[in-house]
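Comments concern the structure below.
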Amino acid sequence: KQWYQRRVAITAGIPQIPIYKLLEKYNNVSEVEHKTYDATYLRRFEITELPRYLVLSIKRFTENRFFVEKNPTIVNFPVSFDMAEYIDPVVSDKYSSTEYNLLANICHDGKATDGTYSVHLNLTSAGLWFDVQDLHVTKLQPQMITLSESYIQIYERGDVSTYKQQENKME
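If you want it as structure tokens, here you go:
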């Protein structure tokens, strides 16, 4: 509980952005400026297929000649979300589900040069979340996950759930 209170107090003054804002880049409408050494281009990105596992990497670190900086912005994300609004309806018709469920959330706490990593793992068969850091494993409340400085997130498409596959094998 103390960790939760401390984390809420810390996040109160840190900029926050919803994950949906980051995903807008892939809606095939928004244009993103892409610079090379000799030109600047406008690009659009489109998701043409839904992968079984969706791995989102949040750019936390920037490096220049002198030092490494960490972006402390909190990315607000749901434990499950629907990708239907980011893909063409023709693409979504290929799949029985466009919903993704969070399996793992890799976080970085501390400074860019000497921070620590931890992983929030979802044991889907039991509906439990765990915080894993080195050899320390502790049970975690689901609402605590969204307060972390996410670095990498791994989502699984709803129609290919590992737990559902294990149930089918038992039958």
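Following my numbering from start to finish, the sequence shown increments by one per residue and tops out at 175. For glycine and all other residues, C-beta sits at the position ideal for the given N, C-alpha and C. Just so we're clear, the structure is a prediction, and the values are computed from it rather than from any experiment.
If you ignore the 5 residues before and after L58, its C-beta comes within less than 6 Å of the C-beta of Y104 and Y159, all in its own chain and listed in chain order. Collapsing the DSSP output to three states places S101 in coil.
In this structure, the alpha-carbon of D92 lies about 10 Å from that of E53. Within its own chain, the residues whose Cβ lies closer than 7 Å to the Cβ of V164, once the five positions on either side in sequence are excluded, are R56, listed in chain order. Counting the other CB atoms within 10 Å of its CB gives S84 a total below 16, which places it among the exposed residues. Going by DSSP, S154 is part of the beta strand (DSSP E) stretching over S154 to R161. Ranking N68, S100 and N75 by CA distance to the CA of R161 puts S100 first. Distances from the CA of N126 to each of T142, I51 and T66 were compared; the closest alpha carbon is that of T142. Contact annotation: Q145 and L106 have beta-carbon atoms that are not nearer than 8 Å.
The C-beta of T102 has 16 or more other C-beta atoms within 10 Å across all chains shown, which makes the residue buried. By the 16-neighbour rule on beta-carbons within 10 angstroms, D86 is exposed. N32 sits close to F49, with the two beta carbons spaced by under 8 Å.
Rounded to whole angstroms, I149 and F71 show a C-alpha spacing of 29 Å.
Collapsing the DSSP output to three states places E89 in a helix. Excluding the 5 residues flanking it on each side, T117 has same chain C-beta neighbours closer than 7 Å at V72, in chain order. Take the alpha-carbon of H38 and the one of E67: they are about 18 Å apart.
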